[in-house]
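Going by the working numbering, the first residue of the sequence shown is number 721, and it counts up by one from there. As structure tokens, the structure follows; a few thoughts come after it.
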Amino acid sequence: MLPENDVHKVTEWIDGRNGAVPVEIRDKIRYELDIGPHTITVLECRPPWKPEFGPEWTRMMVAQMQFTTITHTWTLYWRDSDEVLHVYDMVQATSDVAELLDEIDRDPTAIFWG
């Protein structure tokens, strides 16, 4: 099970990202989280661009943070164009999920936000 305090930090962080989206384009982009038993996945969501695709928004993975219960540490992953996850090796596994959120925000390699 994920640490409640960490889930709360990530939820506040994603709420902040959504709050930073200019009002005039909030119907065009939003950020969501998928929270699993050992992972938190950050998603960028966009509305359908063709009516024939239906009303569902597309969800593109930005990053995933995986929690290891034995060591109580978080590891950051990035997704390649084939949707394969890779360990992001520019930051070490850490017990402080905020360090990973800071790295996703900084995005020095443009691997998360492009």
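Where a beta carbon is used, it is the ideal one built from N, C-alpha and C, also for glycine. Fair warning: this is a prediction, and the values are worked out from it, not measured in the lab.
Rounded distance between the beta-carbons of residue j and residue i, thought under 8 Å
i, j, result
"T778", "W794", "With a Cβ gap of about 26 Å, T778 and W794 do not count as contacting."
"V782", "E764", "5 Å"
"Y797", "V807", "6 Å"
Residues near residue i by beta carbon distance below 8 Å, same chain, minus five either side
i, result
"R737", "Y751"
"D747", "P767"
"I831", "W798, Y808"
"I749", "V741, E764, C765, R766"
Environment of residue i [buried if 16+ CB atoms lie within 10 Å]
i, result
"M785", "buried"
"T761", "buried"
"E824", "One point to set straight first is that residue 824 is Ile, not Glu, in the sequence displayed. Under this definition I824 is a buried residue."
"F773", "exposed"
C-beta contact flag for residue i and residue j at 8 Å
i, j, result
"M721", "P775", "no"
"L753", "T788", "no"
"D726", "V817", "yes"
Chain-order list of residues whose beta-carbon lies under 7 Å from that of residue i (same chain, five-residue window excluded)
i, result
"W733", "L821"
"R826", "none"
"D800", "H806"
Cβ-based neighbour list, residue i, same chain, cut-off 6 Å, excluding 5 preceding and 5 following
i, result
"H792", "S815"
"W833", "D827"
Okay, do the segment 726 to 743 and the segment 766 to 783 touch, 3+ Cβ pairs below 8 Å being the bar? no
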